[in-house]
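Line by line, the protein sequences give chains V and X.
At position 90 of the first sequence (counting the first as 1) the number is 90 in this note's numbering, and the numbers step up by one without a gap.
At position 20 of the second sequence (counting the first as 1) the number is 1020 in this note's numbering, and the numbers step up by one without a gap.
Don't be surprised by glycine CBs; every beta carbon is placed ideally from N, CA and C.
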Amino acid sequence: QKEVEQNSGPLSVPEGAIASLNCTYSDRGSQSFFWYRQYSGKSPELIMFIYSNGDKEDGRFTAQLNKASQYVSLLIRDSQPSDSATYLCAVPHSGNTPLVFGKGTRLSVIA
Amino acid sequence: ETGVTQSPTHLIKTRGQQVTLRCSSQSGHNTVSWYQQALGQGPQFIFQYYREEENGRGNFPPRFSGLQFPNYSSELNVNALELDDSALYLCASRLGLAGSRGIGELFFGEGSRLTVL
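This is the structure we're talking about:
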């Protein structure tokens, strides 16, 4: 059974700071990794995905993957109060079946 | 707006009852997955349907069952409800077994919040 571990938080950062969200996974064979954002009372939405070791940048978001350490992170630069949400890390369950999610990290950006 | 709609948005049932939750996917999205999200937890994979056949299942008992219809709608049925079934049930769809951004590209509906008393 694949496992995805996240610190549940809450993680509090001041507005304008960098928020760093971390995730570890159990299956060394996992090839792809996804970050979803979930606002309170809403459904998850995909914000980033990464397949290769290293960094991938998309606007204020950077995903970092280290397969040797089985570690994936999400950095949010210039954090805004609107970034306050729960961030879910996910990896594929197996083959074509969908995702195993972590419990999520709750981020609070303080104005 | 993901184009995935779920109904009902909220419902209350008592232990032992049965419930049917419904989902309407985007047109052309022939893969639908259902997830259970308990309070403070991440979504847990229940099962997936592709072209009206189940092709993946998580660690849920048989009293959780589903159907997918040719019109891109689907339903989740739960029999003999238990208190622990209280959760947000999420439907997610995509085109094919892997979306344009890979299998993680799921489009979620807003969910059905089930309370079992």
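Supposed close pair residue i, residue j - CB separation, criterion 8 Å
| i | j | result |
| --- | --- | --- |
| Trp35 of chain V | Ala68 of chain V | That belief does not hold up - the Cβ atoms of Trp35 of chain V and Ala68 of chain V are roughly 20 Å apart, past 8 Å. |
| Leu46 of chain V | Thr105 of chain V | In fact, because the Cβ distance is near 16 Å, the residues do not count as touching under 8 Å. |
| Gly1058 of chain X | Phe1045 of chain X | 4 Å |
| Val1004 of chain X | Ser1027 of chain X | Not really, about 11 Å apart at Cβ, beyond 8 Å. |
| Ser1093 of chain X | Leu1021 of chain X | Going by Cβ atoms, the distance from Ser1093 of chain X to Leu1021 of chain X rounds to 14 Å, so no, they are not a contact pair. |
| Cys1023 of chain X | Ser1086 of chain X | That pair is no contact at about 19 Å. |
| Leu107 of chain V | Ser82 of chain V | About 11 Å; that fails the 8 Å criterion. |
Proximity test, residue i beta-carbon vs the ligand FAD heavy atom, cut-off 6 Å
| i | result |
| --- | --- |
| His1010 of chain X | Ligands are entirely absent from the displayed structure, and the ligand FAD is therefore not among its contents. |
Bridge partner(s) assigned by DSSP for residue i
| i | result |
| --- | --- |
| Gln1068 of chain X | X:Ser1074 |
| Gln6 of chain V | V:Cys23 |
| Phe1108 of chain X | X:Ala1092 |
| Gly1056 of chain X | X:Gln1048 |
| Thr1115 of chain X | X:Ile1012 |
| Asp107 of chain V | This sequence places Leu at residue 107 of chain V; Asp is not what is there. For Leu107 of chain V, which the question treats as bridged, DSSP gives the partners V:Leu11, V:Ala85. |
Can you list, in chain order, the stretches of the beta strand (DSSP E) that have 3 or more residues and sit fully within the segment 1025 to 1049 of chain X? Counting only runs of 3 or more, we get 1031 to 1037.
Between the segment 77 to 97 of chain V and the segment 1069 to 1086 of chain X, do at least 3 Cβ pairs fall closer than 8 Å? no
Taking three-plus beta-carbon pairs below 8 Å as touching, is the segment 48 to 59 of chain V in contact with the segment 11 to 20 of chain V? no
Note down, one range per segment and in chain order, each alpha helix (DSSP H) of at least 4 residues found wholly within the segment 15 to 103 of chain V. none
Are three or more beta carbon pairs between the segment 23 to 42 of chain V and the segment 1008 to 1021 of chain X nearer than 8 Å? With contact defined as three or more Cβ pairs closer than 8 Å, the segment 23 to 42 of chain V and the segment 1008 to 1021 of chain X are not in contact.
Within 7 Å of chain V by C-beta, residues of the segment 1104 to 1117 of chain X in sequence order: Gly1104, Glu1105, Leu1106, Phe1108, Gly1109, Glu1110, Gly1111
Note down, in chain order, all residues in the segment 1054 to 1067 of chain X with a beta-carbon under 9 Å from any beta-carbon belonging to chain V. Residues of the segment 1054 to 1067 of chain X with a C-beta less than 9 Å from any C-beta of chain V: Asn1055, Gly1056, Arg1057, Gly1058, Asn1059, listed in chain order.
Short of 8 Å Cβ to Cβ, which residues in the segment 40 to 65 of chain V face chain X? If the cut-off is 8 Å between Cβ atoms, the segment 40 to 65 of chain V has Lys42, Ser43, Pro44, Glu45, Leu46, Phe49, Tyr51 near chain X.
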